[in-house]
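Please read the structure below before turning to the comments.
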Amino acid sequence: MSTGPGRVWDLPTRAFHWLLVALVAVQYASGEFGWPSMRWHYLCGYATLVLVVFRVLWGFAGSQTSRFGDFVRGPRAMLRHLAAMRGGGAPRRAGHNPLGGWSVVAMLASIAVQATTGLFASDDVSEDGPLVARVSAATVGVMTRVHAWNRYVLLALVALHVAAIAAYALRGTNLVAPMWSGRARDVEARPLRFVPAWRALVLVAIAVGAVWALVAWGEAG
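Going left to right, the sequence shown walks through residues 1 to 221 as full-length UniProt numbering numbers them.
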């Protein structure tokens, strides 16, 4: 059973999504082309880490469609969803479907790896992450290599994400508009629970404090 326009995504989840899009774009531009500067690369990296920490916390304490327990499913659920898609009978779920859920997890994991390894990365010339002085040269080398190679993993995941959105659009399903407005048409009817926005503010404060403390500890070394 499908419904008319209904609320699907809460404001914190939507804000997270679009802020992350902007931050990843600036980090790519600053890391690859030096635009606007490497200082921006660092600052956006810290902000990205804040978003990742927040999203992990929100995945357990947020609104229903934002919780990992709502969209992370096992292999059987993914296979059933793929079979239904091939048959043209897959209902549009309010929230992430089983396949999209694992896409979210993969992208979040890759972004977390990129932001974390950047704290320990060094170009051996003029640019060092804030935690370089806190670990051995061997660890710095490993982290720098992972930071360099994981960007290709992340770019591939972003490309797959965009391709999936385009594929759904060709099938008549707009996935971008609901992530902007929070509301979606013709989704599978099910009761959804939304939590108050102040909870997100508390979690953001925790994430900011944790990342600030980590960076400050590194720079004090």
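Cβ coordinates follow ideal geometry from the N, Cα and C atoms, glycine included.
Legend entry - Limits of the alpha helix (DSSP H) - the one that Met178 falls within: Rather than Met, the amino acid found at residue 178 in this sequence is Pro. First-last of the alpha helix (DSSP H) with Pro178: 176 to 181.
Inset, instruction - Look at the alpha carbon of Ser126 and the alpha carbon of Ser136, and state the distance between them as a whole number of angstroms. - result: 18 Å
Inset, instruction - Measure from the alpha carbon of Thr13 to the alpha carbon of each residue in Arg199, Val158, Val215, then state which is nearest. - result: Arg199
Legend entry - Residues of its chain near His147, where Cβ-Cβ distance is below 7 Å and the 5 sequence neighbours each way are ignored: Gln114, Thr117, Gly118, Ala121
Legend entry - Member of Ser66, Arg93, Thr139 whose CA lies at the smallest distance from the CA of His17: Ser66
Legend entry - Status (buried if at least 16 other CB within 10 Å, exposed otherwise) for Asn97: buried
Legend entry - Distance between Val187 and Leu82 (C-alpha atoms, nearest Å): 17 Å
Legend entry - CA-to-CA distance, Ser63 to Gly4, given in whole angstroms: Because the pLDDT of Gly4 is 48, which lies under 50, any placement of that residue in the model is unreliable, and the number read from its coordinates should be weighed accordingly. Computed Cα separation, rounded: 20 Å.
Inset, instruction - Assuming Val195 contacts Ala94 (C-beta within less than 8 Å), just tell me the rounded distance between them. - result: So it is not a contact: roughly 16 Å between Cβ atoms.
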